[in-house]
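Enquirer: Could you have a look at this structure, given as structure tokens, before my questions?
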Amino acid sequence: MHQIYSNDLTLVASPKGKTQIVTMEDEQPRQSFCTWFHSLKVQIWIAWLGVSAGIMAGTVFAIQYQNWIAVTMCFVSSAFATLVLHLHMAYKKTQMAGWSSTKLKCIAAVGATVCFVSLIAMVYCLVVAGIEHQTLDRAGLMGANLWIAAVWFMMTAKWSALTWRFARKYRAYCDEEIQPLLVDSPPEYSVIV
């Protein structure tokens, strides 16, 4: 959806018979929630939230519960959130222009692979935790609780999928910027009269 902006002046009649000049610049375009949520600033804040959540949760599970599977996955999830943040910041600061398409393809491939493996591990953790009747009370959380590990496998799958998505998206933008330089000039047509 494109919005057309103009500096046209609109005359508005007031109740007293006087006319007022209203410019289009005074009206702010209305943004939908989806437009706001998918803006780059919001995506950067979401990535920061993912980085901090992974670090804080990993620290808590290490110190208080000694759940080393969950600790590992918290920090892996935080690493992928950091990678997503790095992609956003590089795009925002136009540093991505110097990146090769192969680099972004590799980042996307790693993200897709880790997402797939994390989803399989999450399902495995859920099945085994259900079969072993693990609980979520304080005593059940001590040690290797697979319910919590499944949550962090899911978070790792989410951040690695976002790594895959944004690496592909930014690669498309980079290819789009390079494409006009590589296209041959259109063939010349001659008109015979």
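Numbering (the numbering used here), first residue to last: 4 to 196.
C-beta: ideal position from N, C-alpha, C; glycine also.
Predicted model, so just to flag it, every value in this text is computed and none were measured.
1. According to the neighbour-count rule (16 or more other Cβ atoms, all chains shown, within 10 Å of its Cβ), is Val45 buried or exposed?
2. Using the three-state DSSP reduction, which class does Ser163 fall into: helix, strand or coil?
3. List in chain order: all unbroken alpha helix (DSSP H) runs of 4+ residues lying wholly within the region 98-137.
4. For Trp162, does the count of other Cβ atoms within 10 angstroms reach 16, so buried, or fall short, so exposed?
5. Can the beta-carbon of Val87 be found closer than 8 Å to that of Phe169?
6. Could you tell me whether the region 143-158 touches the region 71-81, where touching means 3 or more Cβ pairs closer than 8 Å?
7. Taking all protein chains shown into account, decide if His91 is buried (16 or more other Cβ within 10 angstroms of its Cβ) or exposed.
8. Measure the C-alpha to C-alpha separation of Ile66 and Asn148 and round it to an integer number of angstroms.
9. In whole angstroms, what separates the C-alpha of Ala124 from that of Met158?
Expert: Checking against the coordinates, here is how it stands:
1. What you label residue 45 is simply residue 42 of the sequence shown in a count that begins at 1. Exposed is the call here.
2. Translated into the one-based positions of the sequence shown, residue 163 becomes position 160. Helix.
3. Annotation note: the region 98-137 contains the following uninterrupted alpha helix (DSSP H) runs of length 4 or greater, listed N- to C-terminal: 104-134.
4. Translated into the one-based positions of the sequence shown, residue 162 becomes position 159. Result: buried.
5. If you number the sequence shown from 1, residue 87 lands on position 84. If you number the sequence shown from 1, residue 169 lands on position 166. Cβ atoms of Val87 and Phe169: closer than 8 Å.
6. The region 143-158, when compared against the region 71-81, does touch it at the 8 Å Cβ threshold.
7. Against the sequence shown, residue 91 aligns to sequence position 88. So His91 ends up on the buried side.
8. Within the sequence shown, residue 66 is the residue found at index 63, counting from 1. Within the sequence shown, residue 148 is the residue found at index 145, counting from 1. If I take the Cα positions, the gap works out to 15 Å.
9. Translated into the one-based positions of the sequence shown, residue 124 becomes position 121. Translated into the one-based positions of the sequence shown, residue 158 becomes position 155. If you take the alpha carbons of Ala124 and Met158, they lie about 12 Å apart.
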